[in-house]
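Heads up: the structure comes next, in structure tokens.
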Amino acid sequence: MTAASLTGRELATTIRAAASARAAELTVAGRQPRLAVVTATDDEASAAYVRSIANAAGKEGIACDLLRTTTAAGVSATLAQLADDPEVHGVMLQTPLPEGALLADLARAIPAGKDVDGASPESLGRLTAGLPAFAPATAEAVLALLDYYHVELHGRHAVVVGRSVVVGKPVAHLLLDRHATVTISHSRTADLAAITRQADVLVVAAGRASLIGPEHVSPGATVIDVGTNVTDAGRLAGDVDPAVAGVAAALSPVPGGVGPVTTALLLRHVVEAAAAAG
Ligand code: NAP
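Be aware that the sequence shown starts at 21, since it is given in my numbering, and climbs by one per residue.
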């Protein structure tokens, strides 16, 4: 048996088409949606990700400004300006950040209405409390992919590997909201395989290539691989060993799974923020 491949490209195309149509309407009304991405890193993988967002935004009629700074103070000053700029509807702060800076701390300067990647503590708090907020696009993409392929969550055991504020924790909350029973595991989890084998739905967001092998997965499980790792050969690889396809019922590929849906949802958030700004 080989697992079904939960590709995200078709879903991403559908989400982007809708965002593009709405962006065109808003532009005609004199309010072209505009995203500002703030970076403070020389990391090449991060730069490539930001370029791909700008490229995708351009294709869908969304303006995108890339703002580069090098210090935490520079990030704070840039975010403060963007918070007050009525022409900017969405603000995203790209990681990694300068040494010692915390995303949640700096992202406090992004107003909730512009926080299109759900990075601020206010957005995360609102999400956890069940109040309207933009969820981090990656976390929302995991749920969107599961829904697209009609994966049942109600009453199922979901195991999340990773507890970051950007992916692991918000994914766990979104799964909980959908009535899954959720276990969160992390680098200090004792006997990871014993935990992950309990999963009906396994979401892996650890940033460790091939962390999850066939021995971590129960036959019939659905596995969503969020990981993006650059191998020594320069290829993009997930956190899940491809051999897991021999055990799982379904597995999302890297690249081509969560990634394209994340970008599409980010663009949708920018358009929603622009629509709400009127
Ligand atoms: P992160 O902040 O580095 O967090 C990684 C998490 O994984 C931490 O909670 C860590 O545990 C846990 N972990 C690390 N090694 C582990 C191990 N051996 N066993 C169990 N847990 C382990 O990373 P992130 O920002 O959440 O991103 C995770 C991955 O998703 C990365 O590969 C990133 O590139 C990718 N990503 C993809 C997208 C997309 O759109 N596809 C978007 C964002 C991120 P501790 O808390 O104990 O350290």
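Glycine residues also receive a C-beta, built at the ideal position from the N, C-alpha and C atoms.
Open item on the list: Shorter than 8 Å, the distance from the beta carbon of Val246 to the closest heavy atom of ligand 1, or not?
Closed with: Yes, Cβ of Val246 sits closer than 8 Å to a heavy atom of ligand 1.
- [ ] Indicate whether Ala12 and Ala37 have their beta-carbon atoms separated by less than 9 Å.
- [x] Given a span of 21 to 298 for the chain in the structure shown, any question on residue 12 remains unanswerable.
TODO: Determine contact between the stretch 73 to 84 and the stretch 32 to 50, defined as no fewer than three beta-carbon pairs at a distance below 8 Å.
DONE: Three or more Cβ pairs drawn from the stretch 73 to 84 and the stretch 32 to 50 lie within less than 8 Å of each other, which places the two stretches in contact.
- [ ] Compute the distance between the beta-carbons of Val307 and Leu55, then report whether it is under 9 Å.
- [x] Missing from the structure shown is residue 307; the chain here goes from 21 to 298 and no further.
- [ ] Just list the beta strand (DSSP E) runs in the stretch 88 to 117, keeping only unbroken ones of 3 residues or longer that don't cross its boundaries, in chain order.
- [x] Entirely contained in the stretch 88 to 117, the beta strand (DSSP E) runs reaching 3 residues are, in chain order, 110 to 113.
Task: Boundaries (first-last residue) of the alpha helix (DSSP H) holding Asp167 - done: Unbroken alpha helix (DSSP H) run through Asp167: 157 to 168.
TODO: Assuming Val58 and Thr98 form a contact by the criterion Cβ under 8 Å, report the distance between their Cβ atoms to the nearest whole angstrom.
DONE: Yes, Val58 and Thr98 are in contact; Cβ-Cβ is about 5 Å, under 8 Å.
TODO: Just the C-alpha distance for Val185 and Val202, rounded to the nearest angstrom, thanks.
DONE: So the alpha carbons of these two residues sit roughly 16 Å apart.
- [ ] Per DSSP, which residues does Asp245 bridge with? Please list them.
- [x] Beta-bridge pairing links Asp245 to Val224.
Task: Where the alpha helix (DSSP H) through Ile82 begins and ends - done: Ile82 -> no alpha helix (DSSP H), and no H or E assigned at all.
Open item on the list: Within 8 Å, do at least three Cβ pairs link the stretch 193 to 208 to the stretch 229 to 239?
Closed with: The stretch 229 to 239 makes no contact with the stretch 193 to 208, as fewer than three CB pairs between them are under 8 Å.
Task: C-beta contact flag for Thr242 and Leu222 at 9 Å - done: Yes, the pair counts as a contact, with Cβ atoms nearer than the cut-off.
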